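Sequence order for the protein chains is A and B.
When we follow my numbering, the leftmost residue of the first sequence carries the number 1, and every step to the right adds one.
When we follow my numbering, the leftmost residue of the second sequence carries the number 1, and every step to the right adds one.
Ideal Cβ positions, reconstructed from N, Cα and C, are used throughout, including at glycine.
Computed from a predicted model, the values in this text were never measured in an experiment.
As structure tokens, the structure follows; a few thoughts come after it.
Protein chains: 2
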Amino acid sequence: MPLKAVGSDVDGTLTVRRGDLRVSVHAIRGIRLLESRGVKVILVSGNSLPVTAGLSVYLGSSGPVVAENGCVIMYRGQIYHVCSGRPPEGLLRKLQDLGLRPSWQNEFRYHDMAFFMPRGVDENSKAELLRAVSEIAEAHGLRVLWSGYAVHINPGNGKGEGLLRALELIGVSASEAAAIGDGENDLDMLSVVPISGCPGDAAPAVKVKVKFVARGRGGAGFLEFARWLLAKGERN
Amino acid sequence: MPLKAVGSDVDGTLTVRRGDLRVSVHAIRGIRLLESRGVKVILVSGNSLPVTAGLSVYLGSSGPVVAENGCVIMYRGQIYHVCSGRPPEGLLRKLQDLGLRPSWQNEFRYHDMAFFMPRGVDENSKAELLRAVSEIAEAHGLRVLWSGYAVHINPGNGKGEGLLRALELIGVSASEAAAIGDGENDLDMLSVVPISGCPGDAAPAVKVKVKFVARGRGGAGFLEFARWLLAKGERN
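Rendered as structure tokens:
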């Protein structure tokens, strides 16, 4: 099957490395390389729609944009809602009572709401907080996604469903697509396509699931993946 | 005076060239170079706040973010409104009747609304449309700004006031700042600081007003300006 589209996570995958949100110039090269070979890049992010769609314009990716961990898509100026509804205010207040800090992007979100961990908490306390958040959210029938940066309260089925809907919009089947991501919230997206990859500094749970583990971190890993995909296409 | 901050337009200034919205890797280098020398970069854009603030995170600029042509600022997660109100619905409908297409970002804007020209109009028709839009807007006491990409209906005083307010927020005086832009909507911002620059492919009206005209286009010109500013600082 010829490769027609690549779904890509943003934070930790197109950035300098996991934990650094500055975009990588290698990732930009990788995106433009794929696009110049006719492969559409689809950003699939936990960010809000305007942040993800704006980034897509500036990075030069031509595929649809999937935001809010799969909940909302933009393509050619049209907005498509994959999820419906949003977490109730009472739930969001409970999270703030636990010390979680709402993302400034929540004002621009439709469905998936994001929170940062309290400042200065250690890994143990983080894990404990995540468990507490999951309990609260699950009581409301909502999922909790941890991106490595933010806790997301998500009323949908995650990035995988978002990517499949985006592929549908451009008439590409999942068998003609690949995907790359670094976080646990990318796992379901990585499992809906036949070819998956991750940067060298991805979460361990991601590294064991993907076909291609890059040597470089973050966006350097994305560029490796892009080159590997194109070389693979030439061999076939 | 030591240089402490640089206000920068985005479209046409940090992008590959005027008319190409893909971000320039040279511009990214320029931003990170300034930041590594302790000079805060302040994005000053006609884009919506979430698009500009998201871009600032990914580009790695640490100054406040000025969006909507000076109407709204974000710094450390706080939003500051420089303008008040927004263009009335009747006015926006009139523009659509003229064939102008609303930007997808309008849904995420507070004050300044943006429209694209109808597809396939020539330069003469564009100028005529701009005159018609100005007449309608001025009847409502609103300004019209043309960025080279979009027509903005702006209820404020433009980018200059936005940049000054942003500098205030970080305790930097205008005399310690520089600015760079390529479009006519950047002129007032370029005039509120002692040192101004533009890329080599800036609008002619901008080229005649600034101190430094770069040779390179777009973001390559931004990198030249950044290096020139830092070398100038060392000479003084």
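Per DSSP, cross-strand counterpart(s) of residue i
i	result
B/Ser8	B/Leu43, B/Ile180
B/Asp20	B/Arg17
A/Gly197	A/Ile180, A/Phe212
Option nearest residue i by Cα separation, candidates the options
i	options	result
B/Pro2	B/Val192, B/Lys207, B/Val39, B/Asp186	B/Val39
A/Leu21	A/Ala226, A/Arg217, A/Phe212, A/Pro204	A/Arg217
B/His34	B/Pro50, B/Pro88, B/Ser61	Looking at the sequence shown, residue 34 of chain B is not His but Leu. Comparing Cα-Cα distances from B/Leu34 to each of B/Pro50, B/Pro88, B/Ser61, the minimum goes to B/Ser61.
A/Thr15	A/Val6, A/Ala5, A/His26, A/Gly7	A/His26
A/Ala205	A/Ser147, A/Arg17, A/Gly120, A/His140	A/Ser147
B/Arg32	B/Leu59, B/Ile42, B/Val6, B/Pro88	B/Leu59
A/Val208	A/Met74, A/Glu176, A/Gly181, A/Val144	A/Gly181
B/His152	B/Ile73, B/Ile42, B/Arg86, B/Gly19	B/Arg86
B/Lys4	B/Arg109, B/Ser24, B/Ala177, B/Pro50	B/Ala177
A/Tyr110	A/Val144, A/Val72, A/Ser45	A/Val72
B/Arg76	B/Phe116, B/Val65, B/Ala214	B/Val65
B/Ala67	B/Leu55, B/Ser48, B/Ser56, B/Gly54	B/Ser48
B/His140	B/Glu89, B/Asp11, B/Gly183, B/Pro118	B/Glu89
B/Glu138	B/Pro155, B/Arg17, B/Gly7	B/Pro155
A/Tyr149	A/Thr13, A/Gly7, A/Val6	A/Thr13
B/Ile42	B/Arg227, B/Glu184, B/Asp9	B/Asp9
A/Asp11	A/Arg227, A/Gly219, A/Trp228, A/Leu230	A/Gly219
B/Val44	B/Ser36, B/Gly54, B/Arg37	B/Gly54
B/Val23	A/Arg37, A/Val57, A/Val51, A/Asn157	A/Val57
A/Phe115	A/Ala174, A/Leu91, A/Lys159	A/Leu91
A/Lys94	A/Arg143, A/Leu163, A/Ile136, A/Arg29	A/Ile136
A/Gly70	A/Val144, A/Gly158, A/Gly63	A/Gly158
B/Ala179	B/Leu164, B/Ser173, B/Gly197, B/Asn124	B/Gly197
B/Leu163	B/Asp201, B/Gly63, B/Gly19, B/Arg119	B/Gly63
A/Gly264	A/Ser173, A/Gly7, A/Gly99	As shown, chain A starts at 1 and ends at 236. That puts residue 264 of chain A outside it, with no answer to give.
B/Pro194	B/Gly221, B/Ser173, B/Glu184	B/Ser173
A/Phe108	A/Gly46, A/Glu128, A/Leu145, A/Lys126	A/Gly46
B/Glu184	B/Ala203, B/Asn124, B/Val192, B/Pro199	B/Ala203
A/Leu251	A/Arg18, A/Gly19, A/Ile28	Limits of chain A in this structure are 1 at one end and 236 at the other, which puts residue 251 of chain A out of reach.
B/Gly7	B/Ser36, B/Gly200, B/Glu161	B/Glu161
B/Arg17	B/Leu230, B/Ala214, B/Ser175, B/Asp112	B/Ala214
A/Met238	A/Arg143, A/Val192, A/Leu230	The structure shown does not extend to residue 238 of chain A, since chain A is modelled only from 1 through 236, so no value can be given for it.
A/Arg165	A/Val210, A/Met74, A/Asp122	A/Met74
B/Asp201	B/Gly221, B/Lys211, B/Val210	B/Gly221
A/Gly19	A/Val210, A/Pro199, A/Lys211	A/Pro199
Contact test: residue i Cβ vs the ligand FAD heavy atom, cutoff 7 Å
i	result
A/Asp97	With respect to small molecules bound, the structure shown includes none, and the ligand FAD cannot be examined in it.
For this session: Taking a Cβ distance cut-off of 8 Å, strictly less, list which residues of the stretch 26-41 of chain A are near chain B, in chain order.
Result: Cβ contacts with chain B come from Ile28, Arg29, Arg32.
Exercise. Pairing CB atoms from the stretch 103-118 of chain A with CB atoms from the stretch 178-198 of chain A, are three or more of them under 8 Å?
Worked result: Flag = no, the stretch 103-118 of chain A and the stretch 178-198 of chain A do not touch.
For this session: Could you please tell me which residues of the stretch 55-77 of chain A, in chain order, have their CB closer than 9 Å to any CB of chain B?
Result: Residues passing the 9 Å Cβ filter: Leu55, Val57, Tyr58, Leu59, Gly60, Met74, Gly77.
For this session: Could you list the residues in the stretch 94-107 of chain A with a C-beta less than 7 Å from some C-beta on chain B, going in chain order?
Result: Under the 7 Å Cβ criterion, the stretch 94-107 of chain A contributes Trp104, Gln105.
Exercise. What residue ranges within the stretch 33-118 of chain B form continuous alpha helix (DSSP H) runs of no fewer than 4 residues, ordered along the chain?
Worked result: Complete alpha helix (DSSP H) runs here, min 4: 49-59, 89-97.
Problem set entry | Cβ pair count under 8 Å reaching 3, the stretch 81-90 of chain B against the stretch 116-133 of chain B | By the Cβ test, the stretch 81-90 of chain B is not in contact with the stretch 116-133 of chain B, since fewer than three Cβ pairs between them sit closer than 8 Å.
Exercise. Does the stretch 224-236 of chain A come close enough to the stretch 167-177 of chain B that 3 or more CB-CB pairs lie under 8 Å?
Worked result: No, the stretch 167-177 of chain B does not touch the stretch 224-236 of chain A.
For this session: Pick out the complete alpha helix (DSSP H) segments inside the stretch 127-182 of chain A, 4 residues or longer, and give them in chain order.
Result: Counting whole runs of 4 or more residues, the stretch 127-182 of chain A contains the alpha helix (DSSP H) stretches 159-169.
For this session: Please name the residues in the stretch 196-230 of chain B whose beta-carbon is closer than 8 Å to at least one beta-carbon of chain A, in chain order.
Result: Under the 8 Å Cβ criterion, the stretch 196-230 of chain B contributes no residue.
Problem set entry | Within 9 Å of chain B by C-beta, residues of the stretch 121-155 of chain A in sequence order | Hits within the stretch: zero.
Exercise. Taking Cβ-Cβ distances below 9 Å as the criterion, which residues of the stretch 41-53 of chain A are in contact with chain B?
Worked result: Residues Asn47, Ser48, Leu49, Pro50, Val51, Thr52, Ala53.
Problem set entry | Against chain B: residues of the stretch 164-181 of chain A by CB proximity under 8 Å | When C-beta distances to chain B are compared with 8 Å, every residue of the stretch 164-181 of chain A stays at or above that value.
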